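Position one of the sequence shown corresponds to residue 1 (full-length UniProt numbering), numbered consecutively onward.
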Amino acid sequence: MELQLPVKTTTRAFCGSSHGWLAMFDATTLAITLINPFTSDAITLPLLNYSGDFFINKVVLSDDPYLNPKEYFVIALVKADDHTQIAIIRRPGDIESWAWINNPGGDKITDAIFRNGDIYAVDLSNNIISVKNFSSFDGTRNSAIKSEIIVRGSGSRPAIMKSYIVESSAGDILVIRRIFRFDHYKKHYLTKNCKVYKLVQDGTEAKLVNVESVRDDALFLGGNCSMSVAVTQNFPGCQPNCIYFTDDYNFICFLGSESARLLKPHDMGRFKLKMNGTMKRFYDPDHTIYSDKLFPIWILPTLKGQSSER
1 MELQLPVKTT
11 TRAFCGSSHG
21 WLAMFDATTL
31 AITLINPFTS
41 DAITLPLLNY
51 SGDFFINKVV
61 LSDDPYLNPK
71 EYFVIALVKA
81 DDHTQIAIIR
91 RPGDIESWAW
101 INNPGGDKIT
111 DAIFRNGDIY
121 AVDLSNNIIS
131 VKNFSSFDGT
141 RNSAIKSEII
151 VRGSGSRPAI
161 MKSYIVESSA
171 GDILVIRRIF
181 RFDHYKKHYL
191 TKNCKVYKLV
201 QDGTEAKLVN
211 VESVRDDALF
221 LGGNCSMSVA
231 VTQNFPGCQP
241 NCIYFTDDYN
251 FICFLGSESA
261 RLLKPHDMGR
271 FKLKMNGTMK
281 RFYDPDHTIY
291 SDKLFPIWIL
301 PTLKGQSSER
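Structure below.
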């Protein structure tokens with residue numbers, strides 16, 4: 001199925017997919033646009049109130065704008081000045097301005113999700129951050145939005161690991177650590193292993209517990225809002241108990257040198273969570289892939305007025 005996007009892509013990069021909508025960041029205008037590739041509808045978000053250089057790593061929606069047109073929230077993981085923060089905006093709003101949610105751990109945020117009226121995020125130090133009652137945000141940049149670390153990581157910043165956070169089809173919060181190896185000859189990273197943990201909360205205490213299997217679910221990681229889908233009945237073409245991943249180093253290629261911009265994508269495949277894990281790569285890692293196309297990104301289709309997501 002080939003889809004035509006209703007915007008030019010020469011200066012844009014994908015920065016997320018959520019509830020059937022793609023998010024694209026324009027490096028020229030600094031605008032974020034939500035695009036439904038199945039209906040060709042587009043929503044341009046207000047510009048971020050940030051004066052320096054920045055890039056949008058990921059955009060996540062709280063709801064499908066078709067299903068909740070009167071109120072939905074958007075969070076953006078904003079990379080700027082060697083740090084990544086969360087920005088949030090209420091849509092639509094009387095005062096449409098982004099507000100900032102600082103990470104009390106001080107490290108770069110790598111992923112975030114909405115869940116039951118809260119926001120959960122993970123950073124490079126593997127801290128798990130919780131933002132409670134974000135719906136009280138009134139749409140002004142001075143709104144007080146409190147965040148706290150509920151699981152403290154090691155404090156170190158492993159250079160060859162990236163963490164993701166997702167809600168499983170059973171309602172569990174899972175944290176996935178994607179471990180890379182660096183190819184010194186080709187100067188790029190390749191995924192070599194994945195570890196899955198479940199967030200267990202008991203009153204005021206929270207911890208991560210190692211998970212050996214996600215049963216009937218398949219996890220989809222990359223530049224998209226991280227997804228966990230029960231695949232046996234809904235997506236028989238996908239394998240259960242697997243992690244499907246795409247290359248999400250798009251901000252490096254998009255803003256880097258000309259040679260770096262052409263070197264994409266190379267790290268895509270499927271990791272099966274069984275015994276020691278087995279890897280199937282969608283591309284031969286011994287061959288360099290050059291492309292002038294956008295990075296691939298997972299998207300879960302929705303019909304207008306109907307959502308495939310929980």
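Heads up, the beta-carbon is just placed ideally off N, CA and C, and yes, glycines get one too.
Note that this is a predicted model, so its numbers are computed, not measured.
- Restricting attention to W98, K79, D81 and A80, the CA atom closest to the CA of A87 is found in W98.
- No Cβ-Cβ contact shorter than 7 Å links T28 with T44.
- A direct Cα-to-Cα measurement between V211 and S125 gives close to 20 Å.
- In the structure shown, the three-state DSSP call for S147 is strand.
- The segment 102 to 118 and the segment 59 to 67 touch, with three or more beta-carbon pairs separated by less than 8 Å.
- Close CB contacts of I160 within its chain, under the 6 Å cut and outside five residues either way in sequence, are with F180 (chain order).
- Here the alpha carbon of K272 sits roughly 25 Å from the alpha carbon of N127.
- F180 is bridged by DSSP to T191.
- For N234, the enclosing alpha helix (DSSP H) begins and ends at V231 to N234.
- DSSP links Y164 through a beta bridge to I176.
- Taking D183 as the centre and dropping the five residues before and after it, the same chain places the C-beta of L190 closer than 7 Å to its C-beta, in chain order.
- Of the other Cβ atoms in all chains shown, fewer than 16 fall within 10 Å of the Cβ of P301; this residue is therefore exposed.
- Closest in C-alpha terms to F25, from the list S40, N57 and P6, comes N57.
- Counting along the chain, no beta strand (DSSP E) covers H19, and no H or E run does either.
- For H83, the enclosing beta strand (DSSP E) begins and ends at H83 to R91.
- By the beta-carbon neighbour count (other beta carbons within 10 angstroms, threshold 16), S228 is buried.
- In this structure, I176 and L199 do not form a Cβ contact; the two beta carbons are roughly 12 Å apart against a cut-off of 8 Å.
- In the three-state reduction of the DSSP assignment, S135 falls in the helix class, which pools H, G and I.
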